[in-house]
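Engineer:
Number of protein chains: 2
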Amino acid sequence: MTRQIVLSIDAMGGDRGPAVVISGMAKSAAKNPDIRFLLHGDPQQLEPLLRRRPALDRITEIRPCSGVIAMGEKPSHAVRHGKGSSMWNCVDAVARGEAAVAVSCGNTGALMALSMLRMRRAPGIDRPAIAVLWPSRNRSGYNIVLDVGADVRADAASLSQYAIMGAEYARVGLHLETPRVGLLNVGTEDHKGGAGRHEANATLARIAEGPSAAFTYHGFVEGGDITGDKVDVIVTDGFTGNIALKTAEGTASLIGSFLSEGFRATLLSRIAAIFAFRALQRLKKRIDPRRVNGGVFLGLNGAVVKSHGSADSTGFSAAIKLAFRMAQDGFAEKVAARVASGLPGSITAPGVTTGAGTDK
Amino acid sequence: MTRQIVLSIDAMGGDRGPAVVISGMAKSAAKNPDIRFLLHGDPQQLEPLLRRRPALDRITEIRPCSGVIAMGEKPSHAVRHGKGSSMWNCVDAVARGEAAVAVSCGNTGALMALSMLRMRRAPGIDRPAIAVLWPSRNRSGYNIVLDVGADVRADAASLSQYAIMGAEYARVGLHLETPRVGLLNVGTEDHKGGAGRHEANATLARIAEGPSAAFTYHGFVEGGDITGDKVDVIVTDGFTGNIALKTAEGTASLIGSFLSEGFRATLLSRIAAIFAFRALQRLKKRIDPRRVNGGVFLGLNGAVVKSHGSADSTGFSAAIKLAFRMAQDGFAEKVAARVASGLPGSITAPGVTTGAGTDK
């Protein structure tokens, strides 16, 4: 009984509605006997869907909500008027200790704003970040990139906090002793990029040399290194991180289309496609963005996984799997402890402000 | 004789040295009888290489240089000390009207700085941009993205100028009557992104409604739309544009590796690879970054093509092909005329500064 882990699920937030969420939960439940769910949403919609899946129904408790945060809703509006919504309740259940991790495929900005409001930032953190696992040439198969969209700006202090949090995620999630961290820039020479990048570069180098450092700092890396094996953690502001993430997804999707077209082009290529079926399936699995679905919110007193808004059941199930593993590892507590130990006297370096950030 | 086009080539700038440049020139010359070259570099190195290719030798004039701009050299240093270097002379030949387009695979920042110094900015342009063709789902097979690295910052006025220049590139390069322009952001809702994005969004909407507008404005687009068919021209600052470009190249390269591994994995998949050879070659050709090699400098009184620093002869030949087509089309003059006609009273909108930019 003690190994059971309760996840808090927002049934209402995604583009595809609660049926996809419940179908994803069923996939995860079928593979994992230790999982339990609190499901936040409209009981009138959720009950009939759950009744068709008795095995899932038995391990799921529906929590009624009084509304839904819309995809285009402003975060500030969600904070003021979102109380009692499925997303609010989903986050709140983790804040109150009823569940280990919150999972939602709703509006990213609103989810971050509500998470900051209900869970509060971890000690020493000005700005939480969203981190993703990114397919790479490294042995683990993945790199970690953050921030991919929590905050469109990031100063040197924020980028330094991202480095510490990202390194901890790499330690827990990729099982790396001393992760290698790089700072995303438009070139690797010291003079490249703006003043903010130069300041962050100097701060990160200083932290990495400190006694409590738990990562090595590689310096500037470029867009091509996100999929490379030069570093394990790529740190950047949420604006460029988000654009890089979506550009990579678009590129993978375009290549997938070109590949399909290539194999449909001639009779010979159609025959080739039959022979190549297994190899193509292997590729598809390796580059399928659904399988690495799930942005992890770092820097809060609690764990939140943001699933892609348009995730299908396979994608949502991947986000649940990630949440379950984080709960098993006691991930949020470990990150908070590391940040707290890594911060004093190192991040607060001369000329770098770490004053209280403002909730957005 | 009148159809002959002279291109000015920097033989010394790239990572791989002049042999690759000359090999790329030979490939282009073999396909195109109307091409002529001014080749800037060290005669002691160039003469033996040319002597082995008599056909190329006959259409190439070597111009000695007094030095080479190093890859890591700061643009400001190149401006002060670069006179007489192969890159300087390459740009200067176009500025003095001896050649139609300059092509270099050297240091991007130095090439832009020298181009601005020798050619000067076109009337009405504060900041030139670097534009690339990007494989996409559009019928032409390409979108245009700018800026990919001329300037790490861009205000609303600069982004508006990029839109006008990018639309003109789409008209000449992709043969589109009224290109659709989008502004890259982290979401499509109006409140997404920072204040600079919001201001540029309003300015672009205003210009697109003006009487001299030659494009339609779609509003914000996301990273995934760079490869999509929603717009033809994607406008962004050089920082995010450069990171998006290199991220996409890295992603394509990683998927290529996964594909090779997939086909080498088992005996069956190796047999499949033989059948699939033609389909895979087609794919390789479509996503080969060498085939769209060449960033075009927009907003100068003259045409410059920047080849990838690590381009091989196929890549350098693609950059030459692009330069040749631009010269045939009278591209630089057309863009300058369009920008001049599109600017007065439209870009200089209330609250938007278009004061003289500073050379960097």
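Line order of the protein sequences matches chains L and F. For the first sequence, the positions run 1 to 360 when my numbering is used. For the second sequence, the positions run 1001 to 1360 when my numbering is used. Backbone N, C-alpha and C define an ideal beta-carbon position, used for all residues, glycine too.
#1: In this structure, what does DSSP give as the bridge partners for residue 142 of chain L?
#2: Taking the continuous alpha helix (DSSP H) assigned at residue 277 of chain L, which residues delimit it?
#3: Taking Cβ-Cβ distances below 8 Å as the criterion, which residues of the segment 140-164 of chain L are in contact with chain F?
#4: Could you spell out where the alpha helix (DSSP H) holding residue 1324 of chain F opens and where it closes?
#5: Using the beta-carbon of each residue, which ones in chain F are nearer than 8 Å to residue 297 of chain L?
#6: So is residue 1265 of chain F in contact with chain L if we call contact Cβ pairs under 9 Å?
#7: Please decide whether residue 1 of chain L counts as near chain F, where near means a Cβ-Cβ distance under 9 Å.
#8: To which residues of the same chain is residue 1311 of chain F closer than 6 Å at the C-beta, ignoring the five residues directly before and after it?
#9: Run through chain F and tell me which residues come within less than 9 Å of residue 193 of chain L, C-beta to C-beta.
#10: Can you name the start and end residues of the alpha helix (DSSP H) that residue 963 of chain F belongs to?
#11: Under three-state DSSP, which class holds residue 1220 of chain F?
#12: Using the beta-carbon of each residue, which ones in chain L are nearer than 8 Å to residue 1030 of chain F?
#13: Distance cutoff 9 Å, beta carbons only. Does residue 1106 of chain F sit that close to anything in chain L?
#14: Compare the Cα-Cα distances from residue 298 of chain L to each of L:38, L:78, L:60 and L:101 and report the closest residue.
#15: Closer than 7 Å by C-beta to residue 1179 of chain F: which residues in its own chain qualify, once you throw out the five before and the five after it? Chain order, please.
#16: Would you call residue 89 of chain L buried or exposed, if buried means 16 or more other Cβ atoms sit within 10 Å of its Cβ?
#17: Three or more C-beta pairs under 8 Å: does that hold for the segment 234-252 of chain L against the segment 154-161 of chain L?
#18: In the DSSP assignment, the alpha helix (DSSP H) including residue 233 of chain L goes from what residue to what residue?
#19: Are residue 34 of chain L and residue 9 of chain L closer than 9 Å when you measure CB to CB?
#20: Tell me whether residue 127 of chain L counts as near the ligand COA, meaning its Cβ is closer than 8 Å to at least one heavy atom of that ligand.
#21: Tell me which residue opens and which closes the alpha helix (DSSP H) that residue 183 of chain L is part of.
#22: If you pair each beta-carbon of the segment 201-209 of chain L with each one of the segment 248-265 of chain L, do three or more pairs fall below 8 Å?
#23: Which residues bound the beta strand (DSSP E) around residue 984 of chain F?
#24: So, helix, strand or coil for residue 958 of chain F, using DSSP?
#25: Identify whether residue 1043 of chain F lies in helix, strand or coil by the three-state DSSP scheme.
#26: Going by DSSP, name the residue or residues bridged to residue 1064 of chain F.
#27: Comparing the C-beta of residue 357 of chain L with each C-beta of chain F, is any distance below 9 Å?
#28: Just checking: is the beta-carbon of residue 1222 of chain F within a distance shorter than 9 Å of some beta-carbon in chain L?
#29: So what's residue 1296 of chain F in DSSP terms, helix, strand or just coil?
#30: Check the Cβ-Cβ distances between residue 135 of chain L and every residue of chain F, and say whether any is below 9 Å.
#31: Determine the DSSP secondary structure at residue 1121 of chain F, reduced to helix, strand or coil.
#32: When the Cα of residue 319 of chain L is compared with those of L:305, L:330, L:327 and L:332, which residue comes out closest?
#33: In angstroms with no decimal places, state the Cα-to-Cα distance between residue 1340 of chain F and residue 1332 of chain F.
#34: Confirm, please, whether the CB-CB distance from residue 249 of chain L to residue 1223 of chain F is below 9 Å.
#35: Per DSSP, which one or two residues make a beta bridge with residue 1095 of chain F?
#36: Assign residue 159 of chain L to one of three DSSP states: helix, strand, or coil.
Structural biologist: Checking against the coordinates, here is how it stands:
#1: L:135, per the DSSP bridge assignment.
#2: From DSSP, the alpha helix (DSSP H) with residue 277 of chain L extends over 277-287.
#3: Shown in chain order are the members of the segment 140-164 of chain L whose Cβ falls below 8 Å from a Cβ of chain F: 149, 152 and 153.
#4: Run containing residue 1324 of chain F: 1313-1329, per the alpha helix (DSSP H) assignment.
#5: Neighbours of residue 297 of chain L on chain F: none; closest Cβ ~16 Å, over 8 Å.
#6: Residue-level contact check: residue 1265 of chain F touches chain L, since one or more beta carbons of chain L fall below 9 Å from its beta carbon.
#7: Because residue 1 of chain L sits at a pLDDT of 43, beneath the cut-off of 50, its placement in the model cannot be relied upon, and the point is left open.
#8: Cβ neighbours of residue 1311 of chain F beyond the five flanking positions: 1105 and 1293.
#9: Close partners of residue 193 of chain L in chain F (Cβ separation under 9 Å): 1152 and 1239.
#10: In the structure as shown, chain F starts at 1001 and stops at 1360, and residue 963 of chain F therefore has no counterpart that could be examined.
#11: The answer is strand: DSSP assigns residue 1220 of chain F an E or B state.
#12: Within chain L, no residue comes near residue 1030 of chain F; the closest Cβ sits about 28 Å away, beyond 8 Å.
#13: False, the Cβ-Cβ gap to chain L never drops below 9 Å.
#14: For the options L:38, L:78, L:60 and L:101, the alpha carbon positioned closest to that of residue 298 of chain L is the one of L:101.
#15: In its chain, beyond the 5 residues on either side, 1167, 1170, 1171, 1215, 1232 and 1233 have a beta carbon closer than 7 Å to the beta carbon of residue 1179 of chain F.
#16: It is buried - the Cβ of residue 89 of chain L has at least 16 other Cβ atoms within 10 Å.
#17: Three or more Cβ pairs drawn from the segment 234-252 of chain L and the segment 154-161 of chain L lie within less than 8 Å of each other, which places the two stretches in contact.
#18: Note, residue 233 of chain L: premise wrong, no alpha helix (DSSP H); beta strand (DSSP E) at 233-235.
#19: With contacts defined by Cβ atoms closer than 9 Å, residue 34 of chain L and residue 9 of chain L do not form a contacting pair.
#20: With respect to small molecules bound, the structure shown includes none, and the ligand COA cannot be examined in it.
#21: Taken as a continuous stretch (DSSP letters only), residue 183 of chain L belongs to no alpha helix (DSSP H), being part of the beta strand (DSSP E) at 180-184.
#22: In short, these stretches do not touch, since the Cβ pair count stays below three.
#23: Outside the displayed span of chain F (1001 to 1360) sits residue 984 of chain F, for which this structure offers no information.
#24: Since the first residue shown for chain F is 1001 and the last is 1360, residue 958 of chain F is missing from the structure and cannot be characterised.
#25: In the structure shown, the three-state DSSP call for residue 1043 of chain F is helix.
#26: Residue 1064 of chain F is bridged to F:1041.
#27: Bear in mind that a pLDDT of 32 at residue 357 of chain L, under 50, signals an unreliable position, so the number given afterwards is only what the model happens to contain. Not closer than 9 Å to any Cβ of chain F, the Cβ of residue 357 of chain L fails to qualify, so no.
#28: Taking Cβ atoms only, chain L reaches closer than 9 Å to residue 1222 of chain F, which makes this a yes.
#29: Secondary structure at residue 1296 of chain F: strand, using DSSP grouped into helix, strand and coil.
#30: Yes, residue 135 of chain L counts as interfacial toward chain F.
#31: Strand at residue 1121 of chain F.
#32: Taking only the C-alpha atoms, the option nearest residue 319 of chain L is L:305.
#33: Approximately 12 Å between the Cα atoms of the pair.
#34: Taking 9 Å as the Cβ cut-off, residue 1223 of chain F and residue 249 of chain L qualify as a contacting pair.
#35: Under DSSP, no beta-bridge partner is assigned to residue 1095 of chain F.
#36: Helix.
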